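Reading through the structure tokens given below for one structure.
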Ligand code: TRH
């Protein structure tokens, strides 16, 4: 996998442990791996990533050996985190400790943190939300009830005063190079679909989604669309519905199918840089969860977000908060169409493709402007590293 070169650790190098419990899917490890690579590659930190599910990790990075208790990948030490059997190995405590998404650290590790001559800088990295309250809670300290330890809540966000979202330093340059090179585009289509790029008149759609009842209606609308629609579907949870639509037993990587105006390609799951290229190759991206949602924003193309569903529709305010940021500045009719479409894609109504796509020019312009605005908050890794260093002084 292409990752930023890792600087050789110096004696004063900051050591960092990241603990990651995989709840489901790929977002937890996706975010932690990206953060680990940036801390090592861009900030020169010595990073150890402790993760409890190497199989999910292996899907994102084929060089991960699922049977290895400890391995070094791209300069990052990766340990298979078993509890409680593994805590003995983890007792070497780092300068900076990041527990991702409130995963609980092993008790023995916390005890060792408390015994350390100098208490580590301890973060709980929260899930991303675009809601306004996030800025009030970002960087709030929380003293440990029993030990002289302080945990800081680090809140990613989409607005000022939050921790921002992850963005590699070289991301814009890589995206620009891909966009500027017809050869790179042709090579991408050849590698991923075994064919040539579609005509510039076709609308290219990437579809990374959970199971979604709205997909059947959308596939029908694309089949009946006036112009050609080229659909790129990474294999996963929505593949079954696409297969049923085409009357196929499955829709696994390499499969292709055509009905009416719709031509669909199933793509094998790739590494994270490969997923970015899929977003750059598409005119509109359907994304989900957390990390792909962020990557779609950096791709600076219109996107539709399927938010991770929570009990009692607790996710809907988060969806609307993200819409408020993203749709800000769009004309009222384009904003309303985008809102209708996002809501329909998240269970409220039926998506109407024509209603959305007639605003394409405005959506394109807004996507580019939003990527610019979001970048002004600063990259999450840089924000976190800066805060940690201020605490270590
Ligand atoms: O997979 P997700 O749905 O992940 C999560 C988890 O469900 C988690 O429990 C939840 O809390 C969180 O969402 C909000 O969606 P996400 O976050 O977009 O992660 C997908 C990752 O997979 C992302 O890093 C991009 C990567 N990816 C690839 O590397 N290659 C691919 O081919 C594809 C399709 C994705």
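Numbering (my numbering), first residue to last: 397 to 789.
Glycine included, C-beta positions come from ideal geometry on N, C-alpha and C.
In this text, all values refer to a predicted model and were calculated from it rather than measured experimentally.
| Item | Value |
| --- | --- |
| How about the segment 619-628 and the segment 713-729: do they share at least three Cβ pairs that are nearer than 8 Å? | no |
| From which residue to which residue does the alpha helix (DSSP H) around residue 586 run? | 578-589 |
| Under 9 Å between the Cβ atoms of residue 776 and residue 537? | no |
| Do you know whose CA, among 591, 526 and 490, lies nearest residue 513's CA? | 490 |
| Do you know how far the Cα of residue 568 is from the Cα of residue 455? | 25 Å |
| On the CB-based measure, 16 or more other CB atoms within 10 Å of its CB, does residue 415 come out buried or exposed? | buried |
| Which of helix, strand or coil does DSSP assign to residue 662? | strand |
| Decide if residue 541 is buried, meaning its Cβ has at least 16 other Cβ atoms within 10 Å, or exposed. | exposed |
| Given the structure, does residue 688 come close to the ligand TRH, in the sense that its CB is under 8 Å from one of the ligand's heavy atoms? | yes |
| May I ask you to verify whether the segment 579-599 touches the segment 692-712, counting CB pairs closer than 8 Å and requiring at least 3? | no |
| On the DSSP letters alone, give me the boundaries of the alpha helix (DSSP H) that residue 410 sits inside. | First-last for residue 410: undefined, no H or E at that position. |
| Using a Cβ-Cβ cut-off of 8 Å (strictly less than) and excluding sequence neighbours within five positions of residue 760, which residues of its own chain qualify? | 697 and 698 |
| Are the CB atoms of residue 461 and residue 418 nearer to each other than 9 Å? | no |
| Is the distance from the Cβ of residue 752 to the Cβ of residue 734 below 9 Å? | yes |
| Output the distance between the C-alpha atoms of residue 640 and residue 615, rounded to the nearest integer angstrom. | 11 Å |
| Going by C-alpha distance, which of 636, 468, 703 and 575 is nearest residue 742? | 703 |
| Applying the 10 Å Cβ sphere with the 16-neighbour rule, what's the burial state of residue 399? | Low confidence applies to residue 399: its pLDDT is 44, below 50, so where it sits in the model is not reliable enough to give any reading. |
| My output table needs one value for residue 782: the three-state DSSP class, helix, strand or coil. | helix |
| Going by the CB atoms, is the gap between residue 740 and residue 731 shorter than 9 Å? | no |
| In this structure, does DSSP put residue 441 in helix, strand or coil? | coil |
| For the alpha helix (DSSP H) that residue 455 lies in, which residues bound it at each end? | 450-456 |
| Below 8 Å, is the gap between the Cβ of residue 668 and the nearest heavy atom of the ligand HEM? | As presented, the structure is devoid of the ligand HEM, carrying the ligand TRH as its sole ligands. |
| Can you have a look at residue 517 and say buried or exposed, based on whether 16 or more other CB atoms are within 10 angstroms of its CB? | buried |
| Going by DSSP in three states, residue 399 sits in which element: helix, strand or coil? | Confidence in residue 399 is poor, its pLDDT being 44 and thus under 50, which makes the residue's placement unreliable; the coordinate value appears in the next sentence. Looking at residue 399 - three-state DSSP - the assignment turns out to be coil, as it is neither helix nor strand. |
| Among the candidates 591, 671, 700 and 693, whose CA atom is the shortest distance from the CA of residue 682? | 700 |
| To test your reading of the DSSP string, which unbroken beta strand (DSSP E) runs of 3 or more residues are found completely within the segment 685-731? | 699-702 |
| For residue 517, which three-state DSSP category applies? | strand |
| With three or more C-beta pairs closer than 8 Å as the rule, is the segment 462-474 touching the segment 501-515? | no |
| When you compare only the Cα positions, how much space is there between residue 493 and residue 648? | 39 Å |
| Are three or more beta carbon pairs between the segment 630-640 and the segment 603-617 nearer than 8 Å? | yes |
| Comparing alpha-carbon positions, which option in 677, 577, 628 and 771 lies nearest residue 654? | 628 |
| Going by DSSP in three states, residue 488 sits in which element: helix, strand or coil? | coil |
| Just to confirm, are residue 694 and residue 656 a CB contact at a threshold of 9 Å? | no |
| Looking at residue 497 and the ligand TRH, is the gap between the Cβ and the nearest heavy atom below 8 Å? | yes |
| From this set, 547, 510, 525 and 561, which residue's C-alpha is nearest residue 771's C-alpha? | 561 |
| DSSP has residue 428 in a bridge; who is on the other side? | In DSSP, residue 428 forms no bridge with anything. |
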